[in-house]
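S.K.:
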Amino acid sequence: MQSFYLSMKQIRHVFLFIGLLIGFFSCKQEKENSDLFFEKIRTNKKNIEIFMRAMPKGGDLHHHFAGSIYPETILKWAIKDNLYLDLSNYTINHEKPKQNFIELKNITSRPDYESLKNKILQWWSVRDYTPDFYPSHSLFFETFTKFIQIVPKNHPEGLLEIKNRAKLENVSYIETMFVPIQSLIQTDYLSSFNQKLRQDALTQNKDIILQDLEMMYQDFIKNGAENEAVEYNKKIIEDNHYKYQIDDSNFSLRYQNYVIRTNPPVDVFESLVLGFMSAEKSSLVVGVNIVAPEDNEVAMNDYWLHMIMFEFCHKKFPNVKYALHAGELTHNLALPEQLSDHIKMALEIAGANRIGHGVDIASETNAPKLLNFMKEQHIPIEINLTSNEFILNVKNENHPIELYFNNKIPIVISTDDAGILRTDLTTQFVELAWRYPHFKYSDIKQFIYNSLEYCFIEEPTLKKRLIQDLNQRFTIFEENIKKDFQ
Ligand SMILES: [Zn+2]
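Following the numbering used here, the numbering of the sequence shown begins with 1 at its first residue and continues without gaps.
Now the structure itself:
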């Protein structure tokens with residue numbers, strides 16, 4: 001009986017092995033069939049668009065809230081709030097400018113409304129853009145200063161706009177860089193530290209800088225920083241998020257706090273500490289980031305100091321994740337030595353969990369070592385094709401996406417600022433497939449899975465649910481799309 005039992009067990013194992021083998025080959029066959037199918041349709045760019053629009057896209061992880069709202073919406077808010085438009089620079093004002101302005105409440109009844117509106121949208125986005133209009137890099141970054149002040153009052157409408165647009169293009173998750181935390185803590189008495197920190201940064205006197213940061217950190221705590229972070233989470237994040245039901249069964253959104261790298265060091269540090277505190281205390285706030293033009297003189301000079309600040313905050317709040325804009329630079333914007341180490345510092349000093357842009361990777365000293373580090377540590381790169389094309393004038397073979405791919409760095413595809421750039425996530429995938437025929441459908445599908453694999457969601461059940469939901473969406477999509485193209 002014993003030997004008969006064993007032989008039955010062995011037989012079962014053989015069947016199991018054959019079953020697994022069939023499963024493996026049918027899965028491989030299915031993958032090859034899907035790749036072949038996509039190869040047939042990708043010769044036509046509009047076919048790619050139809051395909052990509054329907055395709056499930058998982059999450060958009062590099063997403064600036066204010067820059068993702070279309071400027072048409074922002075203009076409507078400014079009209080509704082009866083604000084002023086300064087015609088000398090197309091900036092929205094709460095106060096009446098001294099001259100050359102219009103009162104926006106009357107704008108729609110003006111006979112020249114359509115042309116005026118068009119002009120506003122040209123200054124607030126890439127509409128009708130030609131290089132002789134204005135430098136693209138300046139147009140992009142200056143755009144924020146023209147309307148950013150009216151965004152906070154309209155957070156719910158903005159959140160609903162980006163949510164509804166995401167659902168329309170089969171996006172199930174957004175991780176948005178929402179707002180910098182405005183602190184009420186008085187820091188004027190610390191202003192001498194702006195100079196001191198910069199002075200010590202010149203000689204990379206890290207120990208002294210860490211001592212100063214610790215002293216300021218203790219001061220922030222004494223002055224109620226934790227309460228501020230809690231209040232911010234409640235009033236700015238949770239109240240709107242729950243009241244307007246931003247999450248539903250088909251969509252979820254989480255928030256990143258950010259600091260502005262062009263601000264004075266004490267302000268950056270204060271905002272960073274509050275950003276980390278807020279992220280630690282709320283599961284809706286899943287990370288921290290650093291924004292504003294990396295090539296700005298202040299941002300350049302303070303870059304190393306900012307990385308030390310992230311390193312400091314990581315020690316205080318080891319569970320908080322952060323993605324860093326790093327290497328969003330070209331020779332057109334920076335000196336060769338400034339292109340040599342930003343990604344390296346973001347990885348090795350700050351300890352970034354994801355890198356945003358990383359366009360200048362090939363100009364970094366010892367890029368192969370960095371790429372290998374990213375591969376070994378599973379640090380993804382957030383790729384923003386339209387943004388890099390407009391702001392940096394980098395596209396096609398000049399973009400490092402294939403370098404990252406060939407070095408096995410996890411790639412995620414994102415929009416950056418879909419409103420200002422007048423784009424969407426679908427278009428990013430269209431450009432990806434059109435410009436880089438080397439990427440197979442199965443590679444693109446992997447990028448989409450990466451967007452959920454490497455998102456900063458803290459709730460394991462939510463992450464699991466989103467991945468299961470993505471599986472289902474792909475099953476439906478792959479069945480239907482083949483019928484559509486028959
Ligand atoms: Zn960005």
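Heads up, the beta-carbon is just placed ideally off N, CA and C, and yes, glycines get one too.
Could you give the C-beta distance for G356 and K321, rounded to a whole number, given that I count them as a contact under 8 Å?
M.R.: Locating residue 356 in the sequence shown gives position 356, counting from the first residue. Locating residue 321 in the sequence shown gives position 321, counting from the first residue. The Cβ separation is near 13 Å, so there is no contact.
S.K.: Can you give me the Cβ contacts of K31 inside the same chain, cut-off strictly under 8 Å, excluding the 5 residues immediately before and after it?
M.R.: Translated into the one-based positions of the sequence shown, residue 31 becomes position 31. Counting only Cβ-Cβ distances below 8 Å, and skipping sequence neighbours, we find S442.
S.K.: Hey, could you find the ends of the beta strand (DSSP E) Y232 is sitting in?
M.R.: Against the sequence shown, residue 232 aligns to sequence position 232. Taken as a continuous stretch (DSSP letters only), Y232 belongs to no beta strand (DSSP E), being part of the alpha helix (DSSP H) at A225 to Y232.
S.K.: Could you confirm whether any beta carbon from chain D is found closer than 9 Å to the beta carbon of S115?
M.R.: Looking at the structure shown, chain D is missing, and only one protein chain is on hand.
S.K.: Using a threshold of 8 Å, is the CB atom of S387 nearer than that to any non-hydrogen atom of ligand 1?
M.R.: Here residue 387 is taken as the residue at index 387 of the sequence shown, counted from 1. Correct: S387 has its Cβ closer than 8 Å to ligand 1.
S.K.: Please report the distance separating the alpha-carbon of S451 from that of P437.
M.R.: Here residue 451 is taken as the residue at index 451 of the sequence shown, counted from 1. Here residue 437 is taken as the residue at index 437 of the sequence shown, counted from 1. Rounded to the nearest whole angstrom, the C-alpha separation of S451 and P437 is 21 Å.
S.K.: Regarding D416 and ligand 1, is the C-beta to nearest heavy atom distance less than 8 Å?
M.R.: Residue mapping note: residue 416 aligns to position 416 of the sequence shown, counting from 1. For D416, the shortest separation between its Cβ and any heavy atom of ligand 1 lies below 8 Å.
S.K.: Whole angstroms are fine: how far does the CA of P180 sit from the CA of V259?
M.R.: Here residue 259 corresponds to residue number 259 of the sequence shown, with the count starting at 1. Here residue 180 corresponds to residue number 180 of the sequence shown, with the count starting at 1. Computed Cα separation, rounded: 6 Å.
S.K.: Inspect the CB distances between the segment 290 to 304 and the segment 336 to 350 and report whether three or more fall short of 8 Å.
M.R.: yes
S.K.: Bridge partners for E289 per DSSP, in chain order?
M.R.: Along the sequence shown, one-based indexing puts residue 289 at 289. Rather than Glu, the amino acid found at residue 289 in this sequence is Asn. Bridge partners of N289: Y258.
S.K.: Can you check whether the CB of G58 is closer than 9 Å to the CB of S172?
M.R.: If you number the sequence shown from 1, residue 172 lands on position 172. If you number the sequence shown from 1, residue 58 lands on position 58. In this structure, G58 lies closer than 9 Å to S172 by Cβ.
S.K.: How is the alpha helix (DSSP H) around K395 delimited, first residue to last?
M.R.: Indexing the sequence shown from 1 puts residue 395 at position 395. Premise fails: K395 is in no alpha helix (DSSP H) and is neither H nor E.
S.K.: Identify, in the order they occur along the chain, each residue of the same chain with its Cβ nearer than 8 Å to the Cβ of F4, setting aside the five sequence neighbours on each side.
M.R.: Locating residue 4 in the sequence shown gives position 4, where the first residue counts as 1. Only weak support exists for where F4 lies, its pLDDT of 48 falling under 50; the value from the coordinates is given anyway. Taken in chain order, the list of residues that qualify is empty.
S.K.: Could you tell me if F147 is buried or exposed, where buried requires 16 or more neighbouring beta carbons within 10 angstroms of its beta carbon?
M.R.: In the sequence shown, counting from the first residue as 1, residue 147 sits at position 147. By the 10 Å Cβ count, F147 comes out buried.
S.K.: What are the residues that DSSP puts in a beta bridge with I355?
M.R.: Here the question's residue 355 lines up with position 355 in the sequence shown. Answer by DSSP bridge pairing, in chain order: L324 and I381.
S.K.: Could you please give the first and the last residue of the uninterrupted alpha helix (DSSP H) stretch that includes T145?
M.R.: Within the sequence shown, numbered from 1, the residue matching residue 145 stands at position 145. From DSSP, the alpha helix (DSSP H) with T145 extends over S136 to F147.
S.K.: Is it true that the CB of E382 sits closer than 9 Å to the CB of L121?
M.R.: If you number the sequence shown from 1, residue 121 lands on position 121. If you number the sequence shown from 1, residue 382 lands on position 382. No, Cβ-Cβ distance for L121 and E382 is not below 9 Å.
S.K.: Measuring only the C-alpha atoms, how far is L466 from E238?
M.R.: Along the sequence shown, one-based indexing puts residue 466 at 466. Along the sequence shown, one-based indexing puts residue 238 at 238. Roughly 21 Å separates the two Cα atoms.
S.K.: Beta-carbon separation of E161 and Q256 under 9 Å?
M.R.: Along the sequence shown, one-based indexing puts residue 161 at 161. Along the sequence shown, one-based indexing puts residue 256 at 256. The answer is no: Cβ separation not under 9 Å.
S.K.: Excluding sequence positions up to five away, which residues of its chain have a Cβ less than 7 Å from the Cβ of L432?
M.R.: Residue numbering aside, residue 432 sits at position 432 when the sequence shown is read from its first letter. Same-chain partners within the cutoff: L385, I413, F439 and I444.
S.K.: I'd like to confirm something about V359: is its beta-carbon nearer than 8 Å to some heavy atom of ligand 1, or not?
M.R.: Within the sequence shown, the letter at position 359 stands for residue 359. No - ligand 1 has no heavy atom lying nearer than 8 Å to the Cβ of V359.
S.K.: State the Cα-Cα distance for the pair N388 and V359, rounded to the nearest angstrom.
M.R.: Here residue 388 refers to the residue found at position 388 of the sequence shown. Here residue 359 refers to the residue found at position 359 of the sequence shown. Cα-Cα distance, rounded: 8 Å.
S.K.: Rounded to whole angstroms, how far is the Cβ of A54 from the Cβ of N170, which I believe are closer than 8 Å?
M.R.: By one-based count along the sequence shown, residue 54 stands at place 54. By one-based count along the sequence shown, residue 170 stands at place 170. Contact flag correct, Cβ pair sits at about 7 Å.
S.K.: Skipping 5 residues on each side, what residues in its chain have a beta carbon closer than 6 Å to that of G351?
M.R.: Your numbering for residue 351 matches position 351 in the sequence shown. So the list reads H314, once near-sequence residues are dropped.
S.K.: Is the beta carbon of L324 sitting closer than 9 Å to the one on N289?
M.R.: By 1-based counting over the sequence shown, the position of residue 324 is 324. By 1-based counting over the sequence shown, the position of residue 289 is 289. Cβ atoms of L324 and N289: closer than 9 Å.
S.K.: According to DSSP, simplified to helix, strand and coil, what is Y129?
M.R.: As a position in the sequence shown, residue 129 is number 129, starting the count at 1. Correct three-state label for Y129: coil.
S.K.: Could you check the C-alpha separation between T475 and Q245 for me, to the nearest Å?
M.R.: In the sequence shown, the residue the question calls residue 475 occupies position 475. In the sequence shown, the residue the question calls residue 245 occupies position 245. In this model, T475 and Q245 are separated by some 28 Å (Cα to Cα).
S.K.: Under a Cβ-count criterion, where at least 16 other Cβ atoms within 10 Å of its own Cβ denotes burial, should M307 be classed as buried or exposed?
M.R.: For the purposes of this step, residue 307 is identified with residue 307 of the sequence shown, where counting begins at 1. M307 comes out buried.
S.K.: Should H62 be counted as a contact of ligand 1 given a C-beta to heavy atom distance under 8 Å?
M.R.: As a position in the sequence shown, residue 62 is number 62, starting the count at 1. With a cut-off of 8 Å, the C-beta of H62 is classified as near ligand 1, since at least one heavy atom of the ligand falls inside that distance.
S.K.: Just verifying my parser: in three-state terms, what is the DSSP assignment at M177?
M.R.: One-based indexing of the sequence shown puts residue 177 at position 177. Strand, per DSSP.
S.K.: If you draw a straight line from the alpha carbon of F140 to that of R422, how long is it in whole angstroms?
M.R.: Here residue 140 corresponds to residue number 140 of the sequence shown, with the count starting at 1. Here residue 422 corresponds to residue number 422 of the sequence shown, with the count starting at 1. Approximately 12 Å between the Cα atoms of the pair.
S.K.: Between H325 and ligand 1, is the CB less than 8 Å from at least one heavy atom?
M.R.: Locating residue 325 in the sequence shown gives position 325, where the first residue counts as 1. Yes, since a heavy atom of ligand 1 falls inside the 8 Å radius drawn around the Cβ of H325.
S.K.: Please state if the CB of F429 and the CB of M52 are separated by a distance shorter than 9 Å.
M.R.: Stepping through the sequence shown from its first residue, residue 52 is reached at position 52. Stepping through the sequence shown from its first residue, residue 429 is reached at position 429. Taking 9 Å as the Cβ cut-off, M52 and F429 qualify as a contacting pair.
S.K.: Should R354 go down as buried or exposed, given a rule of 16 or more other Cβ atoms within 10 Å for buried?
M.R.: As a working note, residue 354 is residue 354 in the sequence shown. Flag for R354 reads buried.
S.K.: So what does DSSP say about L253, is it helix, strand or coil?
M.R.: Within the sequence shown, numbered from 1, the residue matching residue 253 stands at position 253. Strand at L253.
S.K.: Apply the 10 Å Cβ neighbour rule to S183 and answer buried if 16 or more other Cβ atoms are within range, or exposed otherwise.
M.R.: Along the sequence shown, read from residue 1 onward, the residue named residue 183 stands at position 183. Its Cβ being crowded by 16 or more others within 10 Å, S183 is buried.
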